[in-house]
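Chains A and B are the protein sequences, given in the same order.
Residue numbers for the first sequence, in the numbering used here: 560 to 786.
Residue numbers for the second sequence, in the numbering used here: 2 to 438.
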Amino acid sequence: MNPTTSDAICFQPPGLVEFPRAWAWQQQLQRRLLEAPSGPDAVLLLEHEPCYTLGRGADPSFLGFDPMAPPAPLHRIDRGGEVTFHGPGQLVLYPVLNLQRHGADLHLYLRQLEGVVIDVLVALGLRGERIAGLTGVWLDGCKVAAIGVGARRWISQHGLALNVDGDLSGFAQVVPCGIRDRAVGRLVDWRPQLTLAAVQPLLLQAFAQRFGLRLRPPNPQESLQGW
Amino acid sequence: MPALSSTMTEGKIVEWLKKPGDKVERGESVLVVESDKADMDVESFNEGFLAAVLMPAGGTAPVGETIGLIVETEAEIAEVAAKAPAAPAAAAPAAPAPVAAVAAPASAAPVAVPAPVAVSAPVAAPAPVASGRVVASPRAKKLASQHGVALDSLRGSGPHGRIQAEDVERALGLTVAVPRVAEGSGPAVVAAAGNGAAVSAPAPAGEAFGRPGESVGFNTLQNAVNRNMVASLQVPCFRVGYTITTTKLDAFYKQVKPKGVTMTALLAKAVGVVLARHPQVNAATSADGSAMSFPAAVNVAVAVAMEDGGLITPVLANADKTDIYSMARTWVDLVARARSKQLQPEEYSTGTFTLSNLGMFGVDRFDAILPPGTGAILAVAASRPTVVAGKDGSMRVANQMQVNLTCDHRTIYGAHAAAFLKDLAQLIETNPESLAL
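Quick look at the structure:
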């Protein structure tokens, strides 16, 4: 793995977080790095209230409902990719990194995020797969992790969502990531005893290792607004 | 189109955050580019105004393609808009691009395939900064500092990852492709005539606008050149060649080169001075073919090939009266602005005589196609050491170059052309120092 290791601030907001709050936090962290690009990377690990998000260029025809009357809040956000669903039982990892320190290559970054999930699956004795051209992580043909990122001056936002034990019915009302013929899966269907709490440390550890980061809790002056 | 990744070949424009005419601050996001599941805000490295959007939202463009133009002043917006009216139309074939983009996950497959390798060796990827030291060419460093590009954010395409000027230009994304011919003399006239192969000498590989098996539409500039070249078929042209000894000119050039004078400026000046004495060769047949028009000034246009196709002919106005030092400075400015497509129409359309120089490629002879509205164009080949026989049977080595004058026979006759060339040769062979006066 990376020979050099630097500090990254790790935020783990408890409970279910509404999407706009988490987005505002990412923006706050992104602004911090834009102003001081040599500052520490940061990562948010959390669970969302049920919601749908669309990438900036997403096609609304993949929504199975009226966008004016969505079954859960719908947000069009500054990431790539099509529609996806977030909700309880899904771990969401939002790295806010200065990608210039991590290869300055958005495709490589996507592959590294996939690698993080694949490492988690390995720790669980599962073999996750990449499918060429379909960013995300797949288990027996089912998509267990969705990935979508955005960057400004190589400072990243958004990231990956790993379905652990949540209710997947939210996905049924959309065409997740615009892919019609492939199912969405969750880890608990392969490892019935698995809990969210058990996956959290695996995910953080895999992330830290892949990106050569040493995760630490925030200092008092590094707090997020409105936490 | 900036490269968001080393493996990225094209990107989709998700959204223009600015409209043409909008003010753009330095560092402000201008558009959003998407490639795979990643979005990147693309910022302007300069303060200015978005003058034109060449690729609309939803369109896909190859990395390095010009997708929009940013100008410095509000006044230039209208100028760019007037000059590039065909641009949105040219971009029209890209309209079905959203379809292609939806299909992208499949076609992007080759990109994803080598990925596991890249992931297993994440350290290898950021090669340019691996040692913490950025290796860049001087021109790349200068460009980067001019445009506020962080060199350590770039991926060098040069040897051992050295960052080249082109890498900086590519990173700028919003800049316009520069002419391949740095000095600004033009293969373009010949290239348009179908002899493009002659141009291939200096580059490691010949330039091509398409890949084998492809059919590539002409761009706006190429179409304009095509119209002009086809129009020349209506003109009864003839050609006269002359071999000029340049030993003295070359020596003089060495003297003035440190003062910034280029060979292009010297040749344009020489042609200008001789044209002033041969107004018939500076004249042209009127558009309706009823008269000979004699321009009030001697304006020498010099053909410049554009890297992205087509050519432009910046004009050195009053070439007979302007001193070579000012002319050299003017030429540098004209070429720079031709690169960024910021020339005013009168700066490229008011030539009364055209010069096309392929000398820097080592070409030993060629002829040029007459641009409409003018009476003659001079094709200048390379100057080369040649064994010259004297009338007395003596032999010596002298630098010689061939020039070839293409004329509209309605206005310029063989005798006019010959007299002009003889005079030009005499000036260059015997008295090049007078060009500095």
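A virtual CB, placed ideally from N, CA and C, is assigned to each residue, including glycine.
Keep in mind that this is a model prediction, so the values were computed, not measured.
Around the C-beta of residue i, are 16 or more other C-beta atoms found within 10 angstroms, so that it is buried, or is it exposed?
i, result
"D334 (chain B)", "exposed"
"K392 (chain B)", "exposed"
"G290 (chain B)", "exposed"
"Q401 (chain B)", "buried"
"L234 (chain B)", "exposed"
"E347 (chain B)", "exposed"
"L438 (chain B)", "exposed"
"A742 (chain A)", "exposed"
"M396 (chain B)", "exposed"
"Y414 (chain B)", "exposed"
"W1 (chain B)", "With chain B covering 2 to 438 only, the question about residue 1 (chain B) has no answer from this structure."
"E73 (chain B)", "exposed"
"E215 (chain B)", "exposed"
"K13 (chain B)", "buried"
"K258 (chain B)", "exposed"
"Q256 (chain B)", "exposed"
"N439 (chain B)", "There is simply no residue 439 (chain B) to check, as chain B begins at 2 and stops at 438 in what is shown."
"A380 (chain B)", "buried"
"M9 (chain B)", "buried"
"T564 (chain A)", "exposed"
"T314 (chain B)", "buried"
Residues of chain B with CB under 9 Å from residue i, in chain order?
i, result
"G640 (chain A)", "E35, D37, K38, A39, D40"
"D874 (chain A)", "This structure does not reach residue 874 (chain A), given that chain A is present from 560 up to 786, and the question cannot be answered."
From residue i to residue j, what does the alpha carbon distance come to, in whole angstroms?
i, j, result
"T754 (chain A)", "G574 (chain A)", "15 Å"
"C736 (chain A)", "T61 (chain B)", "19 Å"
"M560 (chain A)", "V723 (chain A)", "Only weak support exists for where M560 (chain A) lies, its pLDDT of 44 falling under 50; the value from the coordinates is given anyway. So the two alpha carbons sit approximately 26 Å from each other."
"L317 (chain B)", "R171 (chain B)", "30 Å"
"A4 (chain B)", "E35 (chain B)", "10 Å"
"G785 (chain A)", "L588 (chain A)", "13 Å"
"R790 (chain A)", "R340 (chain B)", "Limits of chain A in this structure are 560 at one end and 786 at the other, which puts residue 790 (chain A) out of reach."
"D42 (chain B)", "A767 (chain A)", "26 Å"
"V33 (chain B)", "C238 (chain B)", "51 Å"
"E44 (chain B)", "G28 (chain B)", "5 Å"
"A209 (chain B)", "V217 (chain B)", "10 Å"
"E39 (chain B)", "G700 (chain A)", "Strictly speaking, residue 39 (chain B) in this sequence is Ala, with Glu absent from that position. Going from the Cα of A39 (chain B) to the Cα of G700 (chain A) covers about 23 Å."
"L698 (chain A)", "M2 (chain B)", "35 Å"
"S6 (chain B)", "W713 (chain A)", "11 Å"
"K143 (chain B)", "D153 (chain B)", "14 Å"
"V114 (chain B)", "A710 (chain A)", "Note that V114 (chain B) has pLDDT 27, beneath the 50 cutoff, so the model's placement of it is unreliable and the number below is only indicative. Rounded to whole angstroms, V114 (chain B) to A710 (chain A) spans 23 Å at the Cα level."
"Q585 (chain A)", "Q571 (chain A)", "13 Å"
"T286 (chain B)", "A298 (chain B)", "16 Å"
"S327 (chain B)", "I429 (chain B)", "20 Å"
"I677 (chain A)", "V169 (chain B)", "35 Å"
"T387 (chain B)", "L406 (chain B)", "21 Å"
Step through the CB atoms of chain B and report whether any lies within less than 8 Å of the CB of residue i.
i, result
"H666 (chain A)", "yes"
"A710 (chain A)", "yes"
"T694 (chain A)", "yes"
"Q768 (chain A)", "no"
"D637 (chain A)", "yes"
Run through chain B and tell me which residues come within less than 7 Å of residue i, C-beta to C-beta.
i, result
"W788 (chain A)", "This structure leaves residue 788 (chain A) out entirely; chain A is present only between 560 and 786."
"Q659 (chain A)", "D153, S154"
"D678 (chain A)", "Going along chain B, no residue has its Cβ under 7 Å from D678 (chain A), so there is no contact; the nearest lies around 10 Å."
Quick one: which chain A residues come within Cβ less than 7 Å of residue i?
i, result
"S6 (chain B)", "D664, L665, H666, L667"
"S158 (chain B)", "Correct list: empty, because the minimum Cβ distance to chain A is about 14 Å."
For a contact defined as C-beta to C-beta under 8 Å, what are the partners of residue i on chain A?
i, result
"E16 (chain B)", "R615, G616"
"S30 (chain B)", "R711"
So that I know if they touch, is there some Cβ in chain A lying closer than 8 Å to that of residue i?
i, result
"K20 (chain B)", "no"
"K142 (chain B)", "no"
"M9 (chain B)", "yes"
"K270 (chain B)", "no"
"K13 (chain B)", "yes"
Under 8 Å between beta-carbons, which chain B residues line up against residue i? List them in chain order, please.
i, result
"I706 (chain A)", "K38"
Determine the chain A residues that contact residue i at a beta-carbon separation under 9 Å, and present them in chain order.
i, result
"E44 (chain B)", "R711, R712"
Within the stretch 300-348 of chain B, ranges of the alpha helix (DSSP H) (whole runs, at least 4 residues): 325-340
Which runs of the alpha helix (DSSP H) at least 4 residues long sit entirely within the stretch 657-726 of chain A? Give them in chain order. 665-682
Can you check the stretch 21-61 of chain B for any beta strand (DSSP E) of at least 3 residues that lies completely inside it and give the ranges in chain order? 30-36, 39-44, 49-54
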